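S.K.: Residue numbers (UniProt numbering): 1 to 389.
For each residue, glycine too, the CB sits at the ideal point set by N, CA and C.
Every value quoted in this text rests on a predicted model; they were computed, and no experiment measured them.
Here's a structure for you.
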């Protein structure tokens, strides 16, 4: 582990990781692999009788090049990598760990959590348990007078509600930071902030009509998580276990970070090993696990989601030929690629046509910057292309 963080008895004060500093560099280099030491967590149980075999890696990172004579190792070293796993044709191609991480370590997946929730919503909709065309207030009457009351569940899934919310992590007064104090992601600095995520969601308002424009806002996934818990009668760790983790052949139990009231941090709580997250990625090509109609709907989108994406300057800058659907990114609509992304460099890349799944866990010094994202996506594209060659 870098920097000597949390080393010693006791560690030096400047090397102690706490709830006040865990998210920020250099402390995140230790924190992302040790979240249960900072947060209460709930167990996501696997099925111990079923583990999907991924075999042993066929290559090392030093044997793979990504253009201009640059090795994969160089790219991984430059992007603060903790874990990197590539699965091709359902077998391990490459596996690499750094910064003290091991194959059994549970790492924070951050907003890849959103993609798990979106997938569970698709499964429940396929079974007829969830109507994505229904308004949110049909499932959560508490939110009838909030931003979300008249929004369709599909607009929640696609992040096209009209909710006023800033996701600027560097602005201490942005709604993302206020929400973090309410749900437990952050320590509470302002006593006027609502005491729970549920109370925070009651205060949300609109600044535009639903469906008009896409924008990434984590609070929307909190609404989705609340809906799924209400419908299933389960808390999120148990729901993820029931719908996904016992079915994908996970080798380890996962965990969900919990807030002070026992609420899951719906939009970014998931902790898993890199291999098991890759096993989740494989589920998108398993018709028995994830409904094919959900996968196709995610890849295609619809007229409203595409128009909302085209109206978004941020969306167009990131993926001009893509969209966001069902809590998953589609980088290019001409390719069958699904993407889960989390702050500080967490990635799940699912290339359905080339049968490639890539997981990368990182502890970047910045929550989100275009140049970090572009470096990662270029790496994933190049590796997937080599697999297909």
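For residue 372, which residues of its own chain have a beta-carbon under 8 Å away from its beta-carbon, when the five flanking residues on both sides are left out?
M.R.: In the chain shown, the residue the question calls residue 372 occupies position 372. Correct list, in chain order: 79, 345, 364 and 366.
S.K.: How is the beta strand (DSSP E) around residue 43 delimited, first residue to last?
M.R.: Numbered from its first residue, the chain shown carries residue 43 at position 43. Looking at the DSSP string, the run of the beta strand (DSSP E) that includes residue 43 is 40-44.
S.K.: Which term fits residue 135, buried or exposed, when burial requires 16 or more other beta carbons within 10 angstroms of its beta carbon?
M.R.: Locating residue 135 in the chain shown gives position 135, where the first residue counts as 1. Buried is the call here.
S.K.: On the premise that residue 380 lies in contact with residue 107, defined as a C-beta separation below 8 Å, what is that separation, rounded to the nearest angstrom?
M.R.: As a position in the chain shown, residue 107 is number 107, starting the count at 1. As a position in the chain shown, residue 380 is number 380, starting the count at 1. Going by Cβ atoms, the distance from residue 107 to residue 380 rounds to 18 Å, so no, they are not a contact pair.
S.K.: Would residue 273 pass as a contact of residue 103 if the rule is Cβ separation under 8 Å?
M.R.: As a position in the chain shown, residue 273 is number 273, starting the count at 1. As a position in the chain shown, residue 103 is number 103, starting the count at 1. Yes, these two residues count as a Cβ contact at 8 Å.
S.K.: Taking the beta strand (DSSP E) that residue 87 falls in, what are its first and last residues?
M.R.: Looking up residue 87 in the chain shown gives position 87. Unbroken beta strand (DSSP E) run through residue 87: 81-88.
S.K.: Using a Cβ-Cβ cut-off of 6 Å (strictly less than) and excluding sequence neighbours within five positions of residue 307, which residues of its own chain qualify?
M.R.: Sequence index remark: in the chain shown, residue 307 carries index 307 (1-based). Hits under 6 Å: none found.
S.K.: Do you know offhand how far residue 277's Cα is from residue 225's?
M.R.: Taking the chain shown and counting its residues from 1, the one referred to as residue 277 is at position 277. Taking the chain shown and counting its residues from 1, the one referred to as residue 225 is at position 225. Distance between the alpha carbons of residue 277 and residue 225: 19 Å.
S.K.: For residue 240 and residue 356, what's the separation of their Cα atoms in angstroms?
M.R.: Translated into the one-based positions of the chain shown, residue 240 becomes position 240. Translated into the one-based positions of the chain shown, residue 356 becomes position 356. Taking the straight line from one Cα to the other gives about 23 Å.
S.K.: Would you mind sorting residue 43 into buried or exposed? The rule is 16 or more other CB atoms within 10 Å of its CB.
M.R.: On the chain shown, position 43 is the one that residue 43 refers to. The residue in question, residue 43, is exposed, as its Cβ has fewer than 16 Cβ neighbours within 10 Å.
S.K.: At the level of alpha carbons, what is the spacing between residue 60 and residue 126?
M.R.: Looking up residue 60 in the chain shown gives position 60. Looking up residue 126 in the chain shown gives position 126. Each residue's alpha carbon lies about 40 Å from the other.
S.K.: Could you pull out every residue in the same chain whose Cβ sits closer than 6 Å to the Cβ of residue 301, ignoring the five residues on either side in sequence?
M.R.: Counted from its first residue, the chain shown places residue 301 at position 301. So the list reads 323 and 325, once near-sequence residues are dropped.
S.K.: Tell me whether the region 133-149 and the region 204-212 touch, counting them as touching only if at least three CB pairs, one residue from each stretch, are closer than 8 Å.
M.R.: Yes, they touch.
S.K.: Could you say which of 101, 95 and 94 lies nearest to residue 32 if we only look at CA atoms?
M.R.: Working through the chain shown from its first residue, we reach residue 32 at position 32. That would be 101, whose Cα lies nearest to the Cα of residue 32.
S.K.: When you compare only the Cα positions, how much space is there between residue 303 and residue 310?
M.R.: Here residue 303 corresponds to residue number 303 of the chain shown, with the count starting at 1. Here residue 310 corresponds to residue number 310 of the chain shown, with the count starting at 1. If you take the alpha carbons of residue 303 and residue 310, they lie about 11 Å apart.
S.K.: Using beta-carbon positions only, say whether residue 92 and residue 55 come within less than 8 Å of one another.
M.R.: Sequence index remark: in the chain shown, residue 92 carries index 92 (1-based). Sequence index remark: in the chain shown, residue 55 carries index 55 (1-based). Going by C-beta atoms, residue 92 is nearer than 8 Å to residue 55.
S.K.: From the DSSP output, read off the bridge partner residues of residue 91.
M.R.: Position 91 of the chain shown, counted from the start, is the residue given in the question as residue 91. DSSP lists 88 as partners of residue 91.
S.K.: Does the pairing of the region 280-292 with the region 335-351 give three or more beta-carbon distances under 8 Å?
M.R.: The region 280-292 is in contact with the region 335-351.
S.K.: Hey, out of 243, 53 and 199, whose CA is closest to residue 116's CA?
M.R.: Along the chain shown, one-based indexing puts residue 116 at 116. The candidate whose alpha carbon is nearest that of residue 116 is 243.
S.K.: What runs of the alpha helix (DSSP H), each 4 residues or longer, lie entirely inside the region 282-361?
M.R.: Here the runs fully enclosed are 292-300, 303-310 and 313-318.
S.K.: Pick out whichever of 256, 260, 259 and 280 has its Cα sitting closest to the Cα of residue 250.
M.R.: Position 250 of the chain shown holds residue 250. Residue 250 has its Cα closest to that of 280, out of 256, 260, 259 and 280.
S.K.: Determine the extent of the alpha helix (DSSP H) in which residue 256 is found, giving its start and end residues.
M.R.: As a first step, residue 256 must be located in the chain shown, where it is residue number 256. Element bounds for residue 256: not the alpha helix (DSSP H) but the beta strand (DSSP E), 254-258.
S.K.: Within the same chain, show all residues whose beta-carbon is closer than 7 Å to that of residue 235, passing over the 5 residues directly before and after it, in chain order.
M.R.: Here residue 235 is taken as the residue at index 235 of the chain shown, counted from 1. 42, 229 and 264, listed in sequence order.
S.K.: Compute the beta-carbon to beta-carbon distance between residue 348 and residue 112, rounded to the nearest angstrom, for a pair I have assumed lies under 8 Å.
M.R.: In the chain shown, residue 348 corresponds to position 348, counting from 1. In the chain shown, residue 112 corresponds to position 112, counting from 1. Sure, about 5 Å apart at Cβ, within 8 Å.
S.K.: Is the separation between the beta-carbon of residue 217 and that of residue 163 shorter than 8 Å?
M.R.: Locating residue 217 in the chain shown gives position 217, where the first residue counts as 1. Locating residue 163 in the chain shown gives position 163, where the first residue counts as 1. Their beta carbons are under 8 Å apart, which means residue 217 touches residue 163 by this criterion.
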